[in-house]
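J.: Protein chains in written order, with our numbering: chain A, 7 to 476; chain B, 37 to 322.
Ideal Cβ positions, reconstructed from N, Cα and C, are used throughout, including at glycine.
Just dropping this structure here.
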Amino acid sequence: MPVKRVDKTPMPQRDPGLRAHDFLEVNEGYDLQRAMFEAERCLRCQDAVCVEGCPVRIPIPEFIHAIAAGDIAKAASILRDANPLPAICGRVCPQESQCEERCHLSGRFTPAAIGHLERFVADWEREQPACEAAQRPWRDEKIAVVGSGPAGLVCAGQLADMGYSVTVYEALHAAGGVLRYGIPEFRLPNAVLDWEIEVLKQRGVEIVTNVIVGKTIALDDLLEKMGFAAIFIGTGAGLPKFLGIPGENLNGVYSANEFLTRINLMRAYDFPTADTPMKAGKRVAVIGAGNTAMDTVRSALRMGAEQGLIVYRRSETEMTARLEEYHHAIEEGVEFHWLTNPIEVLGNDDGWVTGLKCQVMELGEPDESGRARPVPVAGSEFVLPVDTVVLSIGTTPNPLLLSSTTGLETDRWGCLVADETDGRTTRARIYAGGDVVTGAATVILAAGAGKNAAAAIHRDLAAARQTAAG
Amino acid sequence: MARILKKRTLTPVTRLFVVEAPLIAAAARPGQFVITRVREDGERIPLTIADFDEAGGTITIVVQEVGVTTRLLGALEEGDDILDVVGPLGTAPEIPPGGHVVGVGGGFGAAALLSLMRELTSRGDRTTAIVGARAKDLLILTDELGAVCDSLELCTDDGSAGFKGLVTERLQQLIDGDGDGGTSPDRVLAIGPMPMMRAVAETTRGAGIETLVSMDPLMIDGTGMCGGCRVTVNGTVKFACVDGPFFDAHAVDFNEAVRRNKMYADLEHAAADRQATACQGAAGGA
Numbered sequence: 007m008p009v010k011r012v013d014k015t016p017m018p019q020r021d022p023g024l025r026a027h028d029f030l031e032v033n034e035g036y037d038l039q040r041a042m043f044e045a046e047r048c049l050r051c052q053d054a055v056c057v058e059g060c061p062v063r064i065p066i067p068e069f070i071h072a073i074a075a076g077d078i079a080k081a082a083s084i085l086r087d088a089n090p091l092p093a094i095c096g097r098v099c100p101q102e103s104q105c106e107e108r109c110h111l112s113g114r115f116t117p118a119a120i121g122h123l124e125r126f127v128a129d130w131e132r133e134q135p136a137c138e139a140a141q142r143p144w145r146d147e148k149i150a151v152v153g154s155g156p157a158g159l160v161c162a163g164q165l166a167d168m169g170y171s172v173t174v175y176e177a178l179h180a181a182g183g184v185l186r187y188g189i190p191e192f193r194l195p196n197a198v199l200d201w202e203i204e205v206l207k208q209r210g211v212e213i214v215t216n217v218i219v220g221k222t223i224a225l226d227d228l229l230e231k232m233g234f235a236a237i238f239i240g241t242g243a244g245l246p247k248f249l250g251i252p253g254e255n256l257n258g259v260y261s262a263n264e265f266l267t268r269i270n271l272m273r274a275y276d277f278p279t280a281d282t283p284m285k286a287g288k289r290v291a292v293i294g295a296g297n298t299a300m301d302t303v304r305s306a307l308r309m310g311a312e313q314g315l316i317v318y319r320r321s322e323t324e325m326t327a328r329l330e331e332y333h334h335a336i337e338e339g340v341e342f343h344w345l346t347n348p349i350e351v352l353g354n355d356d357g358w359v360t361g362l363k364c365q366v367m368e369l370g371e372p373d374e375s376g377r378a379r380p381v382p383v384a385g386s387e388f389v390l391p392v393d394t395v396v397l398s399i400g401t402t403p404n405p406l407l408l409s410s411t412t413g414l415e416t417d418r419w420g421c422l423v424a425d426e427t428d429g430r431t432t433r434a435r436i437y438a439g440g441d442v443v444t445g446a447a448t449v450i451l452a453a454g455a456g457k458n459a460a461a462a463i464h465r466d467l468a469a470a471r472q473t474a475a476g
Numbered sequence: 037m038a039r040i041l042k043k044r045t046l047t048p049v050t051r052l053f054v055v056e057a058p059l060i061a062a063a064a065r066p067g068q069f070v071i072t073r074v075r076e077d078g079e080r081i082p083l084t085i086a087d088f089d090e091a092g093g094t095i096t097i098v099v100q101e102v103g104v105t106t107r108l109l110g111a112l113e114e115g116d117d118i119l120d121v122v123g124p125l126g127t128a129p130e131i132p133p134g135g136h137v138v139g140v141g142g143g144f145g146a147a148a149l150l151s152l153m154r155e156l157t158s159r160g161d162r163t164t165a166i167v168g169a170r171a172k173d174l175l176i177l178t179d180e181l182g183a184v185c186d187s188l189e190l191c192t193d194d195g196s197a198g199f200k201g202l203v204t205e206r207l208q209q210l211i212d213g214d215g216d217g218g219t220s221p222d223r224v225l226a227i228g229p230m231p232m233m234r235a236v237a238e239t240t241r242g243a244g245i246e247t248l249v250s251m252d253p254l255m256i257d258g259t260g261m262c263g264g265c266r267v268t269v270n271g272t273v274k275f276a277c278v279d280g281p282f283f284d285a286h287a288v289d290f291n292e293a294v295r296r297n298k299m300y301a302d303l304e305h306a307a308a309d310r311q312a313t314a315c316q317g318a319a320g321g322a
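See the structure below:
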């Protein structure tokens with residue numbers, strides 16, 4: 007029977023004063039005792055509405071019951087069947103607006119700690135000896151996946167499990183996409199990502215790095231010359247937006263993509279042991295208030311910044327960051343400048359940043375996003391003295407692949423048009439999902455899209471087989 | 037991994053590598069580049085594809101040893117693998133056919149002219165390459181360039197080969213009608229160190245000769261993801277990795293480009309010095 011306890015079992019965390027200066031993971035994870043203790047809180051609802059909040063529809067009560075019963079292997083198997091990236095999703099999903107938001111405990115109590123439990127099970131699995139022999143594809147069809155971010159990895163894993171020969175093409179020298187270059191070590195350790203990718207390889211997925219589809223290989227050649235039966239495009243939203251304000255090309259102005267890539271992919275924090283240099287600055291202003299902005303400002307502190315500022319033209323209410331990241335940022339000493347709109351980056355004679363000129367905003371009527379529109383307050387300009395400015399105001403799909411081929415429709419934001427339920431694009435045999443379709447969103451939405459597309463690819467290929475046989 | 041099939045030392049600090057890269061060789065167009073990484077935790081650096089051979093499945097790159105990564109690369113031998121080579125990146129320059137194109141190559145930039153000039157010559161353009169260096173023994177690939185251009189002009193600071201003076205001085209003479217055949221250039225293509233490209237831009241500006249320069253900003257991914265390679269052209273921000281590397285020389289903001297390229301100069305020099313010291317230490321201990 008469920009045990010009534012008001013609050014979630016707390017996640018053990020490293021001390022903010024210590025962790026703000028290194029890249030080790032903030033959350034330490036539940037141990038078995040904590041996990042079973044928390045699992046007892048689940049109400050075992052008949053109508054498991056939490057599952058409806060999950061883009062990959064993990065059978066949440068079932069895996070939690072297995073934990074409560076102490077059968078972690080069973081929990082792991084339930085989890086992995088539904089979600090090929092549990093160790094990652096347990097760490098980076100915005101559970102508060104998905105499964106946990108729907109939890110019947112929410113309201114009077116805090117919801118069951120579904121995310122923490124998912125992470126616990128995946129971490130347990132990671133420590134088990136690998137026993138299965140590598141899975142071999144048993145079907146004839148080959149499928150190409152473009153991009154090794156969450157959408158591509160999940161799609162590849164699902165298709166491999168269905169017996170297809172799957173090749174994932176990755177433009178960078180390491181697989182993982184935004185999980186590799188974007189999300190920092192302190193939130194998602196590279197070792198965890200490496201393990202998830204190893205599991206996929208074990209299941210038969212082949213990953214080819216250093217290949218840019220659209221440049222190294224033409225998209226159409228995959229179908230016409232290389233014999234792939236279908237393609238899944240999961241190239242993400244990798245193109246950084248800039249504000250277009252004066253001073254944006256001064257030395258010391260970065261896109262969040264560049265700032266985080268130097269640190270996460272290229273390990274600039276280990277310079278000169280690692281060869282990529284970086285000047286992260288002493289007073290760093292990060293423009294934006296999404297998860298990437300939080301990752302950036304917290305990374306700046308870890309790179310040695312004395313002051314990390316979030317500058318956001320809207321208010322705390324409209325912030326899009328995951329709650330836990332926001333709390334962690336506060337604990338680590340990040341300063342928040344709400345209703346503050348940057349209008350110019352100021353520099354010295356040598357071209358280095360010396361400040362960020364801003365104006366105060368107030369909230370007006372709702373805009374097309376449904377959020378209150380920020381409006382400038384006349385005569386409110388002031389200067390924040392900073393030496394580094396990072397733009398974290400969003401990303402759009404990279405046009406590189408789409409401009410190299412024809413027949414794939416895009417919308418006015420540059421997003422690839424694809425059916426959100428099955429990933430079908432405007433071209434036969436080409437499917438897509440994740441940020442390239444939705445614009446920048448979450449890891450789990452991308453994972454869900456990859457999973458749906460894999461099912462559609464399987465259905466369509468099965469139909470084609472039947473037609474060919476009949 | 038890309039296997040080095042052939043290595044040639046062109047000058048004491050300049051190496052040519054023929055690298056096995058069949059996919060890149062099949063897709064490459066003259067003027068494009070690759071990004072390479074030579075060790076785990078190594079940085080990603082862009083290198084122009086000097087030449088490529090689709091049938092042989094190889095690309096040719098020329099490396100000048102100026103920093104940590106280029107030195108590590110320069111130390112590799114035939115049979116060694118380059119850890120990562122990705123490309124072809126960037127957009128090949130669009131040069132309208134039928135004119136007299138003068139390619140200006142400074143230092144190891146001369147190598148980058150090779151496949152470009154070959155293509156222009158073979159489609160029937162009149163081509164001249166002007167290549168320069170401090171002295172004769174620092175000029176590179178002159179035989180190869182001579183073979184793919186209608187005329188080749190050598191320039192050295194000390195007069196040890198060809199014209200004594202700067203490539204821009206010789207370019208000015210050509211503009212004034214003093215070239216082989218006397219036809220003044222319709223278009224100029226400059227590849228080399230930033231000061232040289234800038235000087236070429238100034239040389240051709242007055243006469244209004246269309247001029248393209250191959251910008252070489254700092255880059256990480258090379259696919260438009262980081263935005264580190266921002267170049268201002270005619271007041272508009274461009275990403276050199278995807279929109280370039282070739283831009284209208286008369287519209288590029290060179291002041292900004294020079295300043296941005298020096299962003300990490302102090303750290304890079306310190307790392308190179310440490311590397312040099314470590315090498316000496318190792319040699320002394322051997």
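Any beta carbon of chain B sitting closer than 7 Å to that of Asp281 of chain A?
T.: Working through the first sequence from its first residue, we reach residue 281 of chain A at position 275. So, interface residue.
J.: DSSP on Gly321 of chain B, reduced to helix/strand/coil?
T.: On the second sequence, residue 321 of chain B is found 285 positions in, with the first residue counted as 1. Residue placement at Gly321 of chain B is poorly supported in this model, since its pLDDT is 45, which falls under 50; the coordinates still yield a value, given next. Three-state result, Gly321 of chain B: helix.
J.: Does any C-beta atom of chain B lie closer than 7 Å to the C-beta of Ser398 of chain A?
T.: Taking the first sequence and counting its residues from 1, one reaches residue 398 of chain A at position 392. Cβ-Cβ to chain B under 7 Å: no for Ser398 of chain A.
J.: For Arg295 of chain B, return the contacting residues in chain A, with the cut-off set at a CB-CB distance below 7 Å.
T.: Residue 295 of chain B sits at position 259 when you count from the first residue of the second sequence. In chain order: Asn257 and Gly357.
J.: Would you mind working out which of A:Cys161, A:Cys51, A:Arg471 and A:Gly155 sits nearest Gly429 of chain A, comparing C-alpha positions?
T.: For the purposes of this step, residue 429 of chain A is taken as residue 423 along the first sequence, with counting starting at 1. Taking only the C-alpha atoms, the option nearest Gly429 of chain A is A:Cys161.
J.: Tyr175 of chain A and Val205 of chain A - do their beta-carbons sit closer together than 7 Å?
T.: Locating residue 205 of chain A in the first sequence gives position 199, where the first residue counts as 1. Locating residue 175 of chain A in the first sequence gives position 169, where the first residue counts as 1. Contact flag unset, no.
J.: Quick one: list the residues of chain B neighbouring Val217 of chain A, beta-carbon separation under 8 Å, in chain order.
T.: As a first step, residue 217 of chain A is located in the first sequence; it is residue number 211 there, counting from the start. Those within 8 Å of Val217 of chain A in chain B are Leu59 and Val122.
J.: Span of the beta strand (DSSP E) holding Gly370 of chain A?
T.: For the purposes of this step, residue 370 of chain A is taken as the residue at position 364 of the first sequence. Unbroken beta strand (DSSP E) run through Gly370 of chain A: Val359 to Pro372.
J.: Out of curiosity, what's the CA-to-CA distance linking Ala301 of chain B and Val102 of chain B?
T.: One-based indexing of the second sequence puts residue 301 of chain B at position 265. One-based indexing of the second sequence puts residue 102 of chain B at position 66. If I take the Cα positions, the gap works out to 11 Å.
J.: Unbroken beta strand (DSSP E) runs of length 3 or more, entirely within the region 247–314 of chain B: which are they?
T.: Listed in chain order, they are 266–269, 272–275 and 282–284.
J.: Does the distance from the CB of Leu11 of chain B to the CB of Val121 of chain B come in under 7 Å?
T.: What is shown of chain B runs 37 to 322, which leaves residue 11 of chain B out entirely.
J.: How big is the Cα-Cα spacing for Ala146 of chain B and Leu181 of chain B?
T.: For the purposes of this step, residue 146 of chain B is taken as the residue at position 110 of the second sequence. For the purposes of this step, residue 181 of chain B is taken as the residue at position 145 of the second sequence. Roughly 8 Å between the two C-alpha positions.
J.: Identify which residue in A:Gly35, A:Leu307 and A:Leu228 has its Cα closest to the Cα of Gly266 of chain A.
T.: The residue labelled residue 266 of chain A in the question sits at position 260 within the first sequence. This sequence places Leu at residue 266 of chain A; Gly is not what is there. Out of A:Gly35, A:Leu307 and A:Leu228, A:Leu307 has the C-alpha closest to the C-alpha of Leu266 of chain A.
J.: Answer with buried or exposed for Arg170 of chain B, where buried requires no fewer than 16 other C-beta atoms within 10 angstroms of its C-beta.
T.: Residue numbering aside, residue 170 of chain B sits at position 134 when the second sequence is read from its first letter. It is exposed - the Cβ of Arg170 of chain B has fewer than 16 other Cβ atoms within 10 Å.
J.: Expressed to the nearest angstrom, what Euclidean distance is found between the alpha-carbon atoms of Gln100 of chain B and Val198 of chain A?
T.: The sequence position of residue 100 of chain B within the second sequence is 64, counting from 1. The sequence position of residue 198 of chain A within the first sequence is 192, counting from 1. The alpha-carbon atoms of Gln100 of chain B and Val198 of chain A are separated by roughly 38 Å.
J.: So is the beta-carbon of Thr247 of chain B under 6 Å away from any non-hydrogen atom of the ligand GTP?
T.: Because no ligand of any kind appears in the structure shown, any question about the ligand GTP cannot be addressed here.
J.: Drop a sphere of 10 angstroms on the beta-carbon of Asn270 of chain A, count the other beta-carbons inside from all chains shown, and report buried for 16 or more, exposed for fewer.
T.: Working through the first sequence from its first residue, we reach residue 270 of chain A at position 264. Buried, since its Cβ has 16 or more Cβ neighbours within 10 Å.
J.: Among B:Glu130, B:Thr84, B:Ala64 and B:Thr106, which one has its Cα closest to the Cα of Ala312 of chain B?
T.: Taking the second sequence and counting its residues from 1, the one referred to as residue 312 of chain B is at position 276. Of the candidates B:Glu130, B:Thr84, B:Ala64 and B:Thr106, the one whose C-alpha sits nearest the C-alpha of Ala312 of chain B is B:Thr106.
J.: Under a three-way DSSP split, which group does Asp356 of chain A fall into?
T.: Locating residue 356 of chain A in the first sequence gives position 350, where the first residue counts as 1. Here Asp356 of chain A sits in coil by DSSP.
J.: Measuring alpha carbon to alpha carbon, tell me which residue in A:Asn347, A:Ala438, A:Pro190 and A:Ser321 is nearest Val98 of chain A.
T.: Taking the first residue of the first sequence as 1, we reach residue 98 of chain A at position 92. For Val98 of chain A, the nearest C-alpha among the options comes from A:Pro190.
J.: Whole angstroms is fine: what's the gap from Val214 of chain A's alpha carbon to Leu303 of chain B's?
T.: Mapped onto the first sequence, residue 214 of chain A falls at position 208. Mapped onto the second sequence, residue 303 of chain B falls at position 267. Computed Cα separation, rounded: 33 Å.
J.: Given that a residue counts as buried once 16 or more other Cβ atoms are within 10 Å of its Cβ, and exposed if not, what is Phe388 of chain A?
T.: On the first sequence, position 382 is the one that residue 388 of chain A refers to. Label assigned to Phe388 of chain A: exposed.
J.: I think Ala93 of chain A touches Asp129 of chain A, with their Cβ atoms under 8 Å apart; what is that distance to the nearest whole Å?
T.: Within the first sequence, numbered from 1, the residue matching residue 93 of chain A stands at position 87. Within the first sequence, numbered from 1, the residue matching residue 129 of chain A stands at position 123. The pair is a contact, with the Cβ atoms about 6 Å apart (cut-off 8 Å).
J.: Just curious, the beta strand (DSSP E) that Lys207 of chain A is in, first and last residue?
T.: On the first sequence, residue 207 of chain A is found 201 positions in, with the first residue counted as 1. Segment Asn196 to Gln208 is the alpha helix (DSSP H) holding Lys207 of chain A; no beta strand (DSSP E) there.
J.: Alpha helix (DSSP H) containing Thr473 of chain A: first to last residue?
T.: Numbered from 1 along the first sequence, position 467 holds the residue referred to as residue 473 of chain A. First-last of the alpha helix (DSSP H) with Thr473 of chain A: Val449 to Ala475.
J.: Have a look at B:Val294, B:Gly93 and B:Ala128 and flag the residue whose alpha-carbon is nearest the alpha-carbon of Thr232 of chain B.
T.: Position 196 of the second sequence, counted from the start, is the residue given in the question as residue 232 of chain B. Correcting the residue type first, residue 232 of chain B is Met in the shown sequence and not Thr. Of the candidates B:Val294, B:Gly93 and B:Ala128, the one whose C-alpha sits nearest the C-alpha of Met232 of chain B is B:Val294.
J.: Using a cut-off of 9 Å between C-beta atoms, extract the partners of Met230 of chain B located in chain A.
T.: As a working note, residue 230 of chain B is residue 194 in the second sequence. Residues of chain A passing the Cβ test: none, with the nearest at roughly 15 Å.
J.: Suppose you measure from the CA of Arg209 of chain A to the CA of Arg142 of chain A; what does that come to, to the nearest Å?
T.: On the first sequence, residue 209 of chain A is found 203 positions in, with the first residue counted as 1. On the first sequence, residue 142 of chain A is found 136 positions in, with the first residue counted as 1. Roughly 7 Å between the two C-alpha positions.
J.: Starting from the C-beta of Gly320 of chain B, find all residues in its chain whose C-beta is less than 7 Å away, skip the five residues before and the five after it, and write them out in chain order.
T.: Here residue 320 of chain B is taken as the residue at index 284 of the second sequence, counted from 1. Note on Gly320 of chain B: pLDDT 48, under 50, position unreliable in the model; the coordinate value appears next. The answer is none, since no qualifying residue turns up.
J.: Could you tell me whether the Cβ atoms of Ile450 of chain A and Gly294 of chain A are closer together than 7 Å?
T.: Your numbering for residue 450 of chain A matches position 444 in the first sequence. Your numbering for residue 294 of chain A matches position 288 in the first sequence. Contact flag unset, no.
J.: Measure the C-alpha to C-alpha separation of Ala287 of chain B and Thr192 of chain B and round it to an integer number of angstroms.
T.: Translated into the one-based positions of the second sequence, residue 287 of chain B becomes position 251. Translated into the one-based positions of the second sequence, residue 192 of chain B becomes position 156. Going from the Cα of Ala287 of chain B to the Cα of Thr192 of chain B covers about 28 Å.
J.: Look at the alpha carbon of Ala322 of chain B and the alpha carbon of Ile149 of chain A, and state the distance between them as a whole number of angstroms.
T.: The residue given as residue 322 of chain B occupies position 286 in the second sequence. The residue given as residue 149 of chain A occupies position 143 in the first sequence. Its pLDDT being 41, under 50, Ala322 of chain B is placed unreliably by the model, and nothing is read from it.
J.: Could you pull the DSSP bridge partners for Phe88 of chain B from this structure?
T.: Start at 1 with the first residue of the second sequence, and residue 88 of chain B comes out as number 52. In the DSSP output, where bridge partners are listed per residue, Phe88 of chain B has B:Ile95.
J.: Are the Cβ atoms of Thr247 of chain B and Val224 of chain B separated by less than 7 Å?
T.: Here residue 247 of chain B refers to the residue found at position 211 of the second sequence. Here residue 224 of chain B refers to the residue found at position 188 of the second sequence. Closer than 7 Å, so yes.
J.: Quick one: is Cys315 of chain B buried, meaning 16 or more other Cβ sit within 10 Å of its Cβ, or exposed?
T.: The sequence position of residue 315 of chain B within the second sequence is 279, counting from 1. Counting Cβ neighbours within 10 Å, Cys315 of chain B comes out exposed, since fewer than 16 surround it.
J.: Checking contacts by CB at 7 Å: is His464 of chain A closer than that to chain B?
T.: Sequence index remark: in the first sequence, residue 464 of chain A carries index 458 (1-based). Cβ-Cβ to chain B under 7 Å: no for His464 of chain A.
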